[in-house]
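Residue numbers (the numbering used here): 3 to 106. Even for Gly, the Cβ is constructed at its ideal location relative to N, Cα and C. Notes for the one structure printed next.
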């Protein structure tokens, strides 16, 4: 009986720790991201929310992948991939150029 209670307690602790780690991971990505070193009329801005990826207040997709290193989502037929490095997102795809995005 005691062993079962200890096992349940450990399982609950591990589950809560996993949830805390996931929430901390999400905090890295959540926010408004603005393209660096681009003319104001060409700058790209997107927002990551728990509900999805937004641009100009519009939901692009609610289905995205974020693992603390890579942000990935599809919009239309286009796959977008960003690497998270030094507190910024660096777009890897589409590859017309590598853009860096800073949190606002």
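Query	Result
Chain-order list of residues whose beta-carbon lies under 6 Å from that of residue 74 (same chain, five-residue window excluded)	67 and 83
Residues of its chain near residue 100, where Cβ-Cβ distance is below 8 Å and the 5 sequence neighbours each way are ignored	92, 93 and 94
Exposed unless 16 or more other CB atoms sit within 10 angstroms - verdict on residue 31	buried
Residues near residue 17 in its chain [Cβ-Cβ closer than 7 Å; skip 5 each side]	In this prediction, residue 17 scores a pLDDT of 49, lower than 50, which makes its location untrustworthy; the coordinate-derived value is nonetheless stated afterwards. No residues qualify anywhere along the chain.
Backbone CA spacing between residue 64 and residue 53 [nearest angstrom]	6 Å
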